[in-house]
Each structure stands twice: as C-alpha cells, then as structure tokens.
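S.K.:
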Amino acid sequence: MSKTVVVVGHGMVGHRFIEALRTRDTDNTWTVIVLGEEADAAYDRVGLSSYVGEWDRSSLAMPGNDFADDPAVELRTGVRVESIDHAAHRVRTDTGETIAYHALVLATGSYAFVPPVPGHDAPGCHVYRTLDDLDAIRADAEASLARDPDAVGIVVGGGLLGLEAANALRQLGMRPHVVEINPRLMPQQVDEGGGEHLARMIGELGIDISLSSGTQSIEPADDGGLTVTLAGDVRVEAGLLVFAAGVRPRDELGRESGLALAERGGILTDVTCATSAPDVYAIGEVAAVEGRCYGLVGPGYATAEVVADRLLGGDATFPGADLSTKLKLLGVDVASFGDALGATPGSLNVVVSDPVGGTYSKLVLSDDASTLLGGVLVGDASSYGMLRPLVGSTIPGDPVALISPASEGGEALGLSALGDDAQICSCNDVSKGTLCSAIADGSCTVADLKKCTGAGTACGSCVPLLSKLLNESGVEQSKALCEHFGQSRAELFELVQASGIRTFSGLIERFGTGTGCDICKPTVASILASTSSDHILGGEQATLQDTNDAFLANIQRNGTYSVVPRVPGGDITPEHLILIGEIARDFGLYTKITGGQRIDMFGARVEQLPLIWKRLVDGGMESGQAYGKSLRTVKSCVGSDWCRYGQQDSVQMAIDLELRYRGLRSPHKLKMGVSGCARECAEARGKDVGVIATDAGWNLYVCGNGGMTPKHAQLLASDLDSATLVKYVDRFLMYYIRTADRLQRTAPWLEELEGGLDRLREVVVDDALGLAEDFEAAMARHVEGYACEWKGVLEDPEKLSRFVSFVNAPESPDPTVEFGENNGRKVPVLLGEPAFPRPVRATEGA
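Using our numbering, the first residue of the sequence shown is number 930, and each one after it goes up by one.
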C-alpha cells in the first residue's frame, strides 16, 4: 500500500516538491494530499506584479497546478491547518477534519511584516503579498483617484518588494512615494554607489523617495484617505499605504506544535530539511536550514528537491544557496551576485560608474585581486550571465575590462572561461557540466536543453547562455526552414527582395529543392504578401495558403467558418451594428464579442461566405483578417473623449494604428492596444505593440503577447509625440517581419535577439543599422497598396469560383454541418468529417 505525504501550503515551493516527488516516484510509493490556505492553487508569486493591469489570475497559474491528470494527488484549496499531532502523525484543519500522514511537509512560506506603527491597521493600509492583496490595493487606488486624480500612494520599504509595489501603484495611476529607513534603496542587494544610481534613475520616473526615513504614525483623513507622518514630522496626504518592509516566516504552526525554531524565526531543520519531529520536514521560506531562512525561490526549490529525494530513499542534502539576483525594476536593470557588499575581510572593489549613461558596475575581488567574490550592476546588467558563474574563480583578465562598456558586458570572455561546476541556472541548480553532458547526449537546441535539464525554465535569465553554450560546444544549429529550403525565413525574405522573384515555383527552382511542403509553402506565401500588395488568392499564391487563408475565414471545429469584419479601435457606428445583426439573423449565425472589441459571426458555410461579405462590403465594412498571420485588432479604452482619467485620445490613436497596419502580413498574428492612461483598460502591455498615454505623449511597449507562455510587453520608448510613435512602430514591425522565424511571435523573437531590448532600441530608436528610412518606406508602400482582400474576391469571378462546398454540386450545403444548443447558446454539432479539411497545423489556427 502507498504511503501518504501531507503538504501544508501550495505555493511555488510546495508545488515544486509535489512535481519532483511525482516525477521520480515511478513505483507510486506515495500519495499526496495538498492543503492550501489560499483559494488559488499555486501561482507565480515572483511574477506577482504582472497581475497588475491584466487582473487575470489564470495568467500566473503554475503549470499543472490542479493535478487534474494525477490521481495520486489530492488538492484542497481554502483549507487551513490548525494543529499537528506529532505522536499520532495527524494534522487538524480549520473544518475540524483530521488527516493522517506518514510524512508531513510544511511549505507555509512567509507573511508580510507590518511595522508596529500607530495606525498601521487603519482602512487604506495594505500589504503586498497575494493576489487578494493586489485586488484590495486596486479597489482602494480607484477610490482614491476618484477623489483626487493626483492621489499619492505611500510604500513603506525600499527593497525589491517595495519597488515592485511602487511600480504597481504607478501602473494604477497613483504617484508613488517610497519610504526607506536605510540610506539607500535595495540595501540587501546593492551598495551605496549602486543605490545612488538606482535612486536617481527611479526618481526621474516621477517617483518620490524618502531615504533614512521612517513612518511615525498613520491617521485616517477626513476625505477618506490617510495622513502619514514620516520622520522629522513630515506629513504626507495619501490615498493609501502599502507595507513592503520585508517578510517573516510563517512558523506559527510549528511553534504551536512544539517544533524547534531558529533564533531569528523559521522552523529549524538540518541539511536534509528534517525538523525536530519525526517524519516532519520544512521547505521554502519557512525552513531555517541550519538556522538560516532564505527568501528566494532558488533555495526554496533546492529544499523541495531534497525532501522529494529523501522520501524516495535518497541521501540528498541542501547544497547551499546562491543569493544572486537579476531583475528589472521600473525599467531599470539591477543585479547582484556573490559577496556583493564586500563583507569578505581584505576584499577589494573595482568600480566603473557612469552617471551620465546611467550605469554602475562593481566587482568585489579577493585581497590579491585574483579571485572574483561578487559584484553589483545597476542600469546595465548584460554582463551578469557571465560574471555570476565566475564567483570563486580566478579572474580571466583585467577586472576593469569585465565591466567596462567597451567590453560589451564581458561577453568576449566566452563560456570556456567557466569550469564544469559553474552554475549556469541558479533557479534550478544546473551546472555547465550538466548542460555539456546533455549536449553530448544529443541536445542540440535551447528547447532540448530546457526540457532535459530544467535550465532556463524559471526566471529565464540564463537562456542566452544556453544558446552560447551550444555555439561554443560546436553544435551547428540549423536555420533551414525545411527540407526544401536550406535558408531561414529571414534569409528567404532577403532573397525575395533581392531577386525580385514573385512566385513560389520560381523561388524553389532557384534556391531550393523538390516541390515544397506544408511548412515552406505558407511561409513563402506570407513573405510574398509582406513584400507586395498582390492578392493572396491571385495566381499561384492561391495554392500556397493554409486552410484559413485559402477561404479568407477561420475554419471551426465542425467545418463551418467564422466571419469577422474589421472594427478599427473598437469604434463602430449604429448602422454597422445593425448590418451585422441583420446578417447574423438572416444566415442563422452565432455572434460573440471578441476580446479585441469586434463581433465574430460563427457557423457560415463556405458557399455562404461571398454572400455574407458582399453585404458587409456594400455596407462599408471590410475584412478583419481574423484568419491571417497579420494585424488582428487594436484594442482601445474610451480615452479622453469620455473617461475623466484619460490623458490622450486613445480611441483615435487606435483607429489610426489599425487603419495603417491593416493587412500587414507577418510571421505570426499581431495584436495591439492603446490605453488612455496608466490604468491600462485596453491591456496594452499584453500586446505585441502596446501604447499607453502619459501627460507628455505616449509610452511605447513591444513584444508582449498571449501564446502558450504569456509575456508582458517591455517599454521601448517614453513620452513620444504621435508622429514619432508611428515612426517607431513602423520600424519595429518591419524589423520583426524581416528577421523573425516562421510562426515566431514577437516575445520569443525578442528573447532570441542578441542584445535583447537594448539592441532593439538601438535599431528602432537610434537607427543603428541605418535601415530606418528603408523600414519606413516599406511601410509607406504597404499603406498605399492596401486593399480589402474580400473586396478583391467579390470583384474577381475566378477567385469567387473557389467558394463552393462541392465541385460537382456547388449550391449544395455541407451535409456534415448541424447546430444544437448549450444553455441557450447556438453551438455546432459535428455529424461526420467536414467537407473541407481542418487546418493541418494547430499553430496555424485562429
């Protein structure tokens, strides 16, 4: 019979323990009961700030956090464990239930520390720890801004968590004011010089900072806000206050049950993570391993792995903790590694400070200047990936050159300077030697290394090193599009432009082999469409398209198609609303408002598509290209026309962008959003191109999108006027279209771009490639040559002839199509195989 392990707490570390145990327990020795106090199953607490603006809890969910496909795991959320009976091996929950265990794993994490300031429990005071906390902060922020559009939000604590909280308040539209009792920001990670640079750069973003200052008292104000008195009797009127002054281990369950605690809190464990009670373990932030608690996810994951191994008979011990960190706070790169503050006796500091360029770099060396002990990087952390694994090793060259801007982040060192025991991925404790072994065993791509070793699957900061390791190991990473073309998509794009070839047959005859396949044909079709205004169903191009483009509509699961007319920026006239309603009624279609502010009509048969589109085109509407790898939508809020918080005309900007880029073919579909203020109602930071209004103009964000791994867009440029904004978007899109791989979305394209966001900014803003005019001219040609694809079909009898259900009975409806109901909604019922094949590539779908 299997044994039972009870896990108290379902955060990131608790989830990691369960994954590790279930992956290795091939004999099903253990069944798992998980008791999580929060209503949400495990979510990415490290990425908590990304919840702001999206307000989508599912976006932070850890993969497989419901264990729906694992009968050996029972997950219970919203359950609090009140006591532990060590002798009887049982726990008791807040519902009065007792649960027996053979092993107990405490993963209760930490709670937010609230200083004992008079008035700390006043309405409007919050902590920054959970999704519920952020929901409460949002509600109070909106109420405060309704009273005062310039409301201040105070953050007590200037560490990592405090700066994240300040950014959240800034995104909500408040003016953050950070109060830090130490003389510098992030005192645990950066030194005095780095703190000065960080404070200067963050202050330039409009965030007030009070250093060497405490909070004396908090009192409710007459207007519903707060009056906060800081050190020196400085009074600040605020809409709300967030405590982000650190965390404390949630060790109360251990304390009440008699477990030994560490001197400074936390449940005391040895290096096996075993507590003072038999068969009871502690992992993550609540565990004080040999007396020390660690507040980072990397050490937490290490404790989870140790206990999983121990329960299966292994002899793993805690390997120690890498406390290095690399992050971006409010757009500012910050990194620290090793002995960052120079606590080692006799250590030497090498500093390169550039206040004009906004960078600060420091290396801490041994007393003989031969060994790297640690370092601090502010403003530019590009050298972090190479420097962190060198900690404890002999410095390969001049230490100044390692952090000098001229050395391009020390990348010239190469990974050959690192020993096999150098830790490349600190989150998952993956060494260079492990990665090299995986390469020797056949891993030849970054994806292979991620899957095989787990490297790069947590924070992702080591992913660039994985690619470099493959290159330096002599692994040739093929860029061939498919077996018929040895060139990459980007290379084919250049060949099409340079050769002037306008057909697939001409291109494959000159540069390829064979007759083509389902990979290269749609790719070449997309390139041809991106480099001209020819109709995609004209001539030979019609035979290259995938299922959706072949009929200018998205095929659905029952073989019918959807019809999506363009609604630029979500702005629609009553006449067009009536037209859509009449068409849906007359053809018996199901209608749904899409996430991009359009109206989708489902259930049209292929022979009905021209009839529907004729009515739409005659009514002044055009194709929304919901079927194509092209611009889909530009979502907008109501902006300054209607909203009292609107700072710019977001609706008109969204309309202008959508009409400019409509029909633009690209490696993958594109979505945009324009928000009229920092409250982000258009969710612009989840789009490939996001635009957010400011008092001075527009902020441009790029390379955020949904996909299998959602990504937030990153700030490319700030406070742009409208003309400059459009110019930068032109350049960005053309650069992406020319260089991205087949079916590569903007977020992974940016991840693989050497130099990342900084390089993209150099190309788009600084014109580092000297191609800005070329990019803009190419976009101008697209705008001038645009024509509605459905209008082109309706005007061409040859193209119209494609839209029949059966060649020998063109007016016969598809016999496989029928409709039913689900809770009053019209839904498709599939009777047999659809008359037209479904898309052969899932990634090519809508």
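Backbone N, C-alpha and C fix where the C-beta goes; we use that ideal spot for every residue, glycine too.
(1) To the nearest whole angstrom, what separates the beta carbons of residue 982 and residue 1117, a pair I think is in contact under 8 Å?
(2) Does the pairing of the region 1208–1228 with the region 1192–1200 give three or more beta-carbon distances under 8 Å?
(3) Assign residue 1514 to buried or exposed, taking buried as 16 or more other Cβ atoms, counted over all protein chains shown, within 10 Å of its Cβ.
(4) Which value, in whole angstroms, describes the spacing of the CA atoms of residue 1646 and residue 1694?
(5) Keeping to the same chain, check which residues put their C-beta closer than 7 Å to that of residue 1391; ignore five residues upstream and five downstream.
(6) Can you tell me whether residue 948 is buried or exposed? The criterion is at least 16 other CB atoms within 10 Å of its CB, across all chains shown.
(7) Quick check on residue 964: does DSSP put it in helix, strand or coil?
(8) Could you say which of 1547, 1658 and 1596 lies nearest to residue 1602 if we only look at CA atoms?
(9) Flag residue 1102 as yes if its beta-carbon sits less than 8 Å from any beta-carbon of chain D, otherwise no.
(10) Between the Cα of residue 1167 and those of 1420, 1154 and 999, spot the shortest distance and give me the residue it belongs to.
(11) Expressed to the nearest angstrom, what Euclidean distance is found between the alpha-carbon atoms of residue 1006 and residue 1350?
(12) Please name the residue or residues paired with residue 1357 in a DSSP beta bridge.
(13) Between residue 1300 and residue 1321, which are expected to be in contact by the criterion C-beta below 8 Å, what is the C-beta distance as a whole number of angstroms?
(14) Going by other Cβ atoms of all chains shown within 10 Å of its Cβ, with 16 needed for buried, is residue 1262 buried or exposed?
(15) Should residue 1444 go down as buried or exposed, given a rule of 16 or more other Cβ atoms within 10 Å for buried?
(16) For residue 1158 and residue 1144, I'd like the C-alpha separation in whole angstroms.
(17) For residue 1146, which of 975, 1049, 1210 and 1066 has the nearest alpha-carbon?
(18) If you draw a straight line from the C-alpha of residue 1067 to the C-alpha of residue 1577, how long is it?
(19) What separation, rounded to the nearest whole angstrom, lies between the Cα atoms of residue 967 and residue 1031?
(20) Quick test of your reading: residue 1190 and residue 1035, contact by CB under 8 Å. State the CB separation rounded to the nearest angstrom.
(21) From the DSSP output, which residues share a beta bridge with residue 1164?
(22) DSSP on residue 1103, reduced to helix/strand/coil?
(23) Using beta-carbon positions only, say whether residue 1108 and residue 1136 come within less than 8 Å of one another.
(24) Using beta-carbon positions only, say whether residue 1477 and residue 1556 come within less than 8 Å of one another.
(25) Threshold first: 3 residues or longer. Then list the beta strand (DSSP E) segments lying entirely within the region 1630–1686, N to C.
(26) For the beta strand (DSSP E) that residue 1301 lies in, which residues bound it at each end?
(27) In the DSSP assignment, find the beta strand (DSSP E) that holds residue 1144 and state where it starts and stops.
(28) Helix, strand or coil, according to DSSP, for residue 1209 in the structure here?
(29) Grouping DSSP H, G and I as helix and E and B as strand, with all else coil, what is residue 1112?
(30) Taking the alpha-carbon positions, what's the residue 1622 to residue 1071 distance?
(31) Are at least three pairs of beta-carbons, each pair with one atom in the region 1007–1019 and one in the region 958–978, less than 8 Å apart?
(32) Among 1149, 1471 and 1439, which has the Cα closest to the Cα of residue 1415?
(33) Report buried or exposed for residue 1771, applying the criterion of at least 16 other Cβ atoms within 10 angstroms of its Cβ.
(34) Are there 16 or more other CB atoms within 10 angstroms of the CB of residue 984, so buried, or fewer, so exposed?
(35) Quick check: residue 1306 and residue 1282, are their CB atoms within less than 8 Å of each other?
(36) Rank 1075, 1015 and 1490 by C-alpha distance to the C-alpha of residue 1033 and give the top, closest one.
M.R.: Well, looking at it:
(1) 27 Å between Cβ atoms; not a contact.
(2) The region 1208–1228 makes contact with the region 1192–1200: 3 or more CB pairs, one atom from each, lie closer than 8 Å.
(3) exposed
(4) 8 Å
(5) Within the same chain, residue 1391 has close Cβ partners 1314, 1353, 1354, 1384 and 1385.
(6) buried
(7) strand
(8) When each option's Cα is compared against that of residue 1602, the closest is 1658.
(9) In the structure shown, chain D cannot be found, because there is only a single protein chain.
(10) Comparing Cα-Cα distances from residue 1167 to each of 1420, 1154 and 999, the minimum goes to 1154.
(11) Distance between the alpha carbons of residue 1006 and residue 1350 is about 40 Å.
(12) Under DSSP, residue 1357 shares a beta bridge with no residue.
(13) 7 Å
(14) It is buried - the Cβ of residue 1262 has at least 16 other Cβ atoms within 10 Å.
(15) Residue 1444 should be labelled exposed.
(16) 6 Å
(17) 1049
(18) 22 Å
(19) 24 Å
(20) Not really, about 12 Å apart at Cβ, beyond 8 Å.
(21) 1158
(22) DSSP places residue 1103 in coil when its eight states are reduced to three.
(23) no
(24) yes
(25) 1643–1649
(26) Per DSSP, the continuous beta strand (DSSP E) segment holding residue 1301 begins and ends at 1301–1307.
(27) 1144–1149
(28) strand
(29) coil
(30) For the pair residue 1622 and residue 1071, the Cα-to-Cα distance works out to about 18 Å.
(31) yes
(32) 1439
(33) Note that residue 1771 has pLDDT 30, beneath the 50 cutoff, so the model's placement of it is unreliable and the number below is only indicative. Burial is judged here by how many other beta carbons sit within 10 angstroms of a residue's own beta carbon; residue 1771 has fewer than 16 and is exposed.
(34) Within 10 angstroms of the beta-carbon of residue 984 lie fewer than 16 other beta-carbons, which makes it exposed.
(35) no
(36) The residue among 1075, 1015 and 1490 with its C-alpha nearest the C-alpha of residue 1033 is 1015.
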